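**Student:** Below you will find the structure I want to go over with you.
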Amino acid sequence: MIVITGATGALGGATVEHLLERIPADRIGVSVRDVAKAQHFADRGVRVRRGSYDDPAALRDSFEGAEQVLLVSQNDPSGDGIGLHRNAIEAAVAAGAQRILYTSHQNVHSESPFAPAHEHSATEALLAESGVAWTSLRNGFYAHSLDWLLGPWQQTGVIAAPADGPVSWTDRADAAEAAAIILTGQHPFDGPVTLTARRAVTFDDIATTAGELTGRDITRVVVDDEQWLADRIAAGTPETMAYMLLWFFHAARSGHFAETGPLLAELLCREPRTVADLLTDRISA
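For the sequence shown, the positions run 0 to 284 when numbering that gives the first Met the number 0 is used.
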């Protein structure tokens, strides 16, 4: 059995959908905080059990019989992510899982300006110490994050943000499909694997692409870090989230998200979606 955590979220839910296309439903389990929200999976024959990273006993029960467990990383900026992931890893080991997979992030290390990288790095260390086979899916920065970062460019014709650097923006749905392919494939991937789009682009590149797609002049304006942060907080962005977004720019301008690789395309047997695809969707909407 393959058990997926966070299956009521976008990444985990999409991974389950792709698994259902590849293996029988009775070989799939989900571990979710609210079982009612996963009823649509239960109706299709998926085993649904309650599990939460802050409840080790419930996690062990939800992982029962699992050969593989996919741990979707927790997403609370103020939470004890390392402690929560430790609970999940220990529960998977106690349940007898033969392999643990974890949704990490590209280029993680403890000194990254991007704070979530520290959590991912520490979690990978816990996996390495767990005593079971493990795979860390180092996904590229999810492209839908551009909705928060580019601002209302369609209305203003301006992309105003701090200085950035090249980022291999990666579609979350592509990452979910790749996870399902790895989970059901015959080739085990040990340790960290990088799953990114083919090309890394800057906000200057994105402004050019947006202009080509719309036939308008889209201007890229570099905003002072502190001014951008103050404007975000004043507009209602929670302070913790605003700082995390600013850390993204610090890391991007240092090249931390510039890495690209062929594996995602090889697994999908097609080209991954691009920033141009995302912009086209937003323009059409």
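Even for Gly, the Cβ is constructed at its ideal location relative to N, Cα and C.
Quick caveat, the model's predicted, so the values are computed rather than measured.
I need the DSSP call for I1, collapsed to helix, strand or coil.
**Tutor:** Your numbering for residue 1 matches position 2 in the sequence shown. Residue state, collapsed to three classes: strand.
**Student:** Quick check on V166: does DSSP put it in helix, strand or coil?
**Tutor:** Taking the first residue of the sequence shown as 1, we reach residue 166 at position 167. V166 falls in the strand class under three-state DSSP.
**Student:** DSSP puts N138 in a beta bridge; with which residues?
**Tutor:** Translated into positions along the sequence shown, residue 138 becomes position 139. DSSP, once it has assigned bridges, lists H104 and L194 as partnering N138.
**Student:** Out of E123, H39, E110 and T7, point me to the one whose CA is closest to G50's CA.
**Tutor:** Here the question's residue 50 lines up with position 51 in the sequence shown. Nearest of E123, H39, E110 and T7 to G50, Cα basis: T7.
**Student:** Would you mind stating whether A160 and W227 have Cβ atoms separated by less than 9 Å?
**Tutor:** Here residue 160 refers to the residue found at position 161 when the sequence shown is read from its first residue. Here residue 227 refers to the residue found at position 228 when the sequence shown is read from its first residue. Contact flag set, yes.
**Student:** Secondary structure at S287, three-state DSSP: helix, strand or coil?
**Tutor:** This structure cannot settle anything about residue 287, because the visible part of the chain is limited to 0 through 284.
**Student:** Which value, in whole angstroms, describes the spacing of the CA atoms of D25 and A93?
**Tutor:** Counting from one through the sequence shown, the residue named residue 25 turns up at place 26. Counting from one through the sequence shown, the residue named residue 93 turns up at place 94. Cα to Cα, D25 sits roughly 22 Å from A93.
**Student:** As an exercise, report each continuous alpha helix (DSSP H) stretch of at least 4 residues that is fully enclosed by the stretch 202 to 238, in chain order.
**Tutor:** Runs of the alpha helix (DSSP H) inside the stretch 202 to 238: 202 to 213 and 224 to 233.
**Student:** Any idea if E20 is buried or exposed, counting beta-carbon neighbours within 10 angstroms, 16 or more meaning buried?
**Tutor:** As a working note, residue 20 is residue 21 in the sequence shown. Exposed, because fewer than 16 other Cβ atoms sit within 10 Å of the Cβ of E20.
**Student:** Would you give the residue range spanned by the alpha helix (DSSP H) that R59 belongs to?
**Tutor:** Here residue 59 is taken as the residue at index 60 of the sequence shown, counted from 1. Taken as a continuous stretch (DSSP letters only), the alpha helix (DSSP H) holding R59 covers P55 to S61.
**Student:** Hey, is the stretch 164 to 171 in contact with the stretch 243 to 258, meaning 3+ C-beta pairs nearer than 8 Å?
**Tutor:** In short, these stretches touch, since the Cβ pair count reaches three.
**Student:** Determine whether the beta carbon atoms of E89 and S103 lie at a separation below 9 Å.
**Tutor:** By 1-based counting over the sequence shown, the position of residue 89 is 90. By 1-based counting over the sequence shown, the position of residue 103 is 104. Contact flag unset, no.
**Student:** Can you say whether H108 is buried or exposed, counting buried as having 16 or more other CB atoms within 10 angstroms of its CB?
**Tutor:** Along the sequence shown, one-based indexing puts residue 108 at 109. That one is exposed.
**Student:** Report yes if the C-beta distance between A87 and L70 is below 9 Å; otherwise report no.
**Tutor:** Here residue 87 corresponds to residue number 88 of the sequence shown, with the count starting at 1. Here residue 70 corresponds to residue number 71 of the sequence shown, with the count starting at 1. In this structure, L70 lies closer than 9 Å to A87 by Cβ.
**Student:** From the DSSP secondary-structure annotation, give me the bridge partner or partners of A160.
**Tutor:** For this step, residue 160 is matched to residue 161 along the sequence shown. A160 pairs with V221.
**Student:** Out of M243, A142 and E265, which one is the CA nearest neighbour of D75?
**Tutor:** In the sequence shown, residue 75 corresponds to position 76, counting from 1. Among M243, A142 and E265, the Cα nearest to that of D75 is on M243.
**Student:** Three-state secondary structure (DSSP) at R171?
**Tutor:** On the sequence shown, position 172 is the one that residue 171 refers to. Three-state DSSP puts R171 in a helix.
**Student:** Determine contact between the stretch 177 to 191 and the stretch 128 to 142, defined as no fewer than three beta-carbon pairs at a distance below 8 Å.
**Tutor:** They touch, by the three-pair rule.
**Student:** Which one or two residues does DSSP pair with Q67 in a beta bridge?
**Tutor:** For the purposes of this step, residue 67 is taken as the residue at position 68 of the sequence shown. Partner(s): I1 and R98.
**Student:** Just mark D33 as buried or exposed, buried being the case when its beta carbon has 16 or more other beta carbons within 10 Å.
**Tutor:** For the purposes of this step, residue 33 is identified with residue 34 of the sequence shown, where counting begins at 1. By the neighbour-count rule (16 or more Cβ atoms within 10 Å), D33 is not buried but exposed.
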